[in-house]
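**Student:** Top line first, the protein sequences correspond to chains A and B.
Per the working numbering: the first sequence = residues 1 to 113.
Per the working numbering: the second sequence = residues 114 to 226.
2 protein chains.
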Amino acid sequence: MIDGQVDLDRMFHALSDRSRRGMIDRLGRGPASVTELAAPLSVALPTVLKHLQVLESSGLVFSEKSGRVRTYHLQQDALAAVERWVEQRKTRWTTAFGRLDQLLADEPETLPE
Amino acid sequence: MIDGQVDLDRMFHALSDRSRRGMIDRLGRGPASVTELAAPLSVALPTVLKHLQVLESSGLVFSEKSGRVRTYHLQQDALAAVERWVEQRKTRWTTAFGRLDQLLADEPETLPE
Chain A
1 MIDGQVDLDR
11 MFHALSDRSR
21 RGMIDRLGRG
31 PASVTELAAP
41 LSVALPTVLK
51 HLQVLESSGL
61 VFSEKSGRVR
71 TYHLQQDALA
81 AVERWVEQRK
91 TRWTTAFGRL
101 DQLLADEPET
111 LPE
Chain B
114 MIDGQVDLDR
124 MFHALSDRSR
134 RGMIDRLGRG
144 PASVTELAAP
154 LSVALPTVLK
164 HLQVLESSGL
174 VFSEKSGRVR
184 TYHLQQDALA
194 AVERWVEQRK
204 TRWTTAFGRL
214 DQLLADEPET
224 LPE
């Protein structure tokens with residue numbers, strides 16, 4: 001994590017793949033091993049590992065190794081940064097539209113010929 | 114737009130680049146020409162056009178051509194799909210945690226030796 005922007009790049013990139021979003025959904029129901037995460041996907045193990053690497057480097061998930069088993073966990077508040085980014089824009093745009101509505105309401109009711 | 118999943122792939126991909134997010138912020142303040150969108154970026158025009166193509170194919174922005182000038186606009190409710198996706202997970206996870214809390218609260222207060 002270098003700065004907020006870099007995180008968002010990685011986070012949005014991590015979310016831009018259906019299989020990775022599926023893994024996030026699976027981890028939302030509890031920690032899981034690579035085997036469990038690979039089960040619903042019809043892709044080769046290296047692809048699964050690559051997806052997990054992308055998810056982990058984005059900060060959305062983390063893993064821990066116990067013996068020979070690596071278990072993946074959803075990061076707490078995983079989507080908070082994405083949610084904040086969206087909310088900031090929504091507020092900003094709503095305010096901008098509100099100001100536009102106000103401006104239009106304040107205009108004298110004369111239409112160009 | 115083939116189905117919801119395809120859109121989310123493209124939408125998250127479109128958002129995974131700082132310059133493209135900057136363009137979305139610019140368009141949040143009102144429609145803009147390619148020149149206006151390129152102004153704050155220190156990248157070549159073909160790169161700007163590629164960014165705009167990615168944004169347009171994601172459904173986040175649209176453009177219209179009047180004479181020789183193409184103007185870009187933010188799509189209404191541009192981030193609604195992303196927001197909905199995040200909100201669904203938040204609700205689901207909160208509910209899951211709530212059930213876990215309830216289960217723990219219902220447990221008899223005996224700790225293993």
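Just so you know, even glycine gets a beta-carbon here, dropped at the ideal spot from N, CA and C.
What do you reckon, are the CB atoms on residue 173 of chain B and residue 145 of chain B nearer than 7 Å?
**Tutor:** Taking the first residue of the second sequence as 1, we reach residue 173 of chain B at position 60. Taking the first residue of the second sequence as 1, we reach residue 145 of chain B at position 32. Their beta carbons are not under 7 Å apart, which means residue 173 of chain B does not touch residue 145 of chain B by this criterion.
**Student:** By the 9 Å beta-carbon criterion, what residues does the region 23–41 of chain A contribute toward chain B?
**Tutor:** For the region 23–41 of chain A, which is checked against every Cβ of chain B, the residues closer than 9 Å are 24, 25, 28, 29, 30.
**Student:** Looking only at its own chain, which residues have a Cβ that is under 8 Å from the Cβ of residue 8 of chain A, when we skip the five neighbours before and after it?
**Tutor:** Numbered from 1 along the first sequence, position 8 holds the residue referred to as residue 8 of chain A. Result list for residue 8 of chain A: 81, 82, 85, in chain order.
**Student:** Express the C-alpha separation of residue 93 of chain A and residue 161 of chain B in angstroms, rounding to a whole number.
**Tutor:** In the second sequence, the residue the question calls residue 161 of chain B occupies position 48. In the first sequence, the residue the question calls residue 93 of chain A occupies position 93. If I take the Cα positions, the gap works out to 23 Å.
**Student:** In whole angstroms, what separates the C-alpha of residue 179 of chain B from that of residue 148 of chain B?
**Tutor:** Here residue 179 of chain B corresponds to residue number 66 of the second sequence, with the count starting at 1. Here residue 148 of chain B corresponds to residue number 35 of the second sequence, with the count starting at 1. Cα-Cα distance, rounded: 15 Å.
**Student:** Apart from the five residues on each side of it in sequence, which residues of its chain come closer than 7 Å, Cβ to Cβ, to residue 170 of chain B?
**Tutor:** Taking the first residue of the second sequence as 1, we reach residue 170 of chain B at position 57. Excluding positions up to five away in sequence, the list reads 123.
**Student:** Helix, strand or coil: how does DSSP classify residue 10 of chain A here?
**Tutor:** Counting from 1 along the first sequence, the entry for residue 10 of chain A is found at position 10. The answer is helix: DSSP assigns residue 10 of chain A an H, G or I state.
**Student:** Can you tell which of A:90, A:99, A:19, A:104 has its C-alpha closest to the C-alpha of residue 50 of chain A?
**Tutor:** Position 50 of the first sequence, counted from the start, is the residue given in the question as residue 50 of chain A. Ranking A:90, A:99, A:19, A:104 by Cα distance to residue 50 of chain A puts A:19 first.
**Student:** For a contact defined as C-beta to C-beta under 7 Å, what are the partners of residue 99 of chain A on chain B?
**Tutor:** For the purposes of this step, residue 99 of chain A is identified with residue 99 of the first sequence, where counting begins at 1. Among the residues of chain B, none has a CB under 7 Å from the CB of residue 99 of chain A; the nearest is roughly 11 Å distant.
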